[in-house]
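Residue numbers (the UniProt record's numbering): 1 to 182.
For every residue, glycine included, the Cβ atom is placed at its ideal position computed from N, Cα and C.
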Amino acid sequence: MRKRGVTLAVIMDEEMMRRALMRIAHQISERHRGIEGLVLVGVLTRGTPMASRIADNLARIEGARPPVESIDVGTYRDDRERTRVLPAPWRARQPVENQVVILVDDVLFTGRTVRAALDAIIDGGRPRAVELAVLVDRGHRELPIRADYVGKNIPTAKNQLVQVMLKEIDGRDQVELIDEGE
């Protein structure tokens, strides 16, 4: 767990998270009239189990489960120390060529993780479209990126952290607002 600072509030509990991910699945189903041609791609670490949960919810709604992929965007980040080695192109088990990719992440903040994920996805093929699903949108964008599906919008200060915890990784489902100080 990466928690640090002082917890100000529990923003979402297990039931609220379950409902938000089910709502996102319903919105995806309604927009696309099913799951044909969809691939869910979770951003490591917490986006991947969330993508899997959304896919499970889509299976309950549609009777079939879309494929789920994972993507590690670390080497594509522009806000981390650069290396001279270029990243290896991302390769999905399920081709993304001409598919609608639903990119799934836990928190949308500056938009830099999403930009890195878009670069990685494009390196791996040319999807028909890319849409973004996030559990929490906390604002403070540095890039013109907007989520298509949002579980909860949470206004925050820049010195605050939105910490998403998932059972698969952290042993519990919860979203906390943490004050990191100045």
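Can you name, in chain order, every residue of its own chain whose Cβ lies under 6 Å from the Cβ of residue i, other than the five neighbours on each side?
i, result
"L161", "I178 and E180"
"M165", "R172 and Q174"
"D148", "E131 and L132"
"Q27", "Y149"
"D137", "L108, A147, V150 and N153"
"L8", "L177 and D179"
At what residues does the alpha helix (DSSP H) containing residue i begin and finish?
i, result
"D123", "R112 to G124"
"I178", "Premise fails: I178 lies in the beta strand (DSSP E), Q174 to D179, not in any alpha helix (DSSP H)."
What are the residues that DSSP puts in a beta bridge with residue i?
i, result
"L132", "L103"
"D137", "L108 and N153"
Please list, in chain order, all residues of the same chain as residue i whose beta carbon is under 8 Å from its beta carbon, the five residues on each side excluded.
i, result
"S29", "I35, L58, I61 and E62"
"Q94", "V39, P67 and E69"
What are the start and end residues of the beta strand (DSSP E) that includes residue i?
i, result
"E69", "V68 to I71"
"K152", "Y149 to N153"
"Q160", "Q160 to M165"
Is the distance from the Cβ of residue i to the Cβ of residue j below 9 Å?
i, j, result
"L40", "I54", "yes"
"I71", "A117", "yes"
"K158", "I11", "no"
"L135", "A20", "yes"
"H32", "V114", "no"
"G37", "R128", "yes"
"V68", "A120", "no"
"G139", "A92", "no"
"V104", "M50", "yes"
Grab me the residues of residue i's own chain with a C-beta within less than 7 Å of its C-beta, minus the 5 sequence neighbours each way, in chain order.
i, result
"R46", "D106, V164, L166 and I169"
"R112", "R77, D78, D79, E142 and L143"
Self-check item: Inside the stretch 1 to 65 only - beta strand (DSSP E) runs reaching at least 3 residues
Solution: 6 to 12 and 38 to 43
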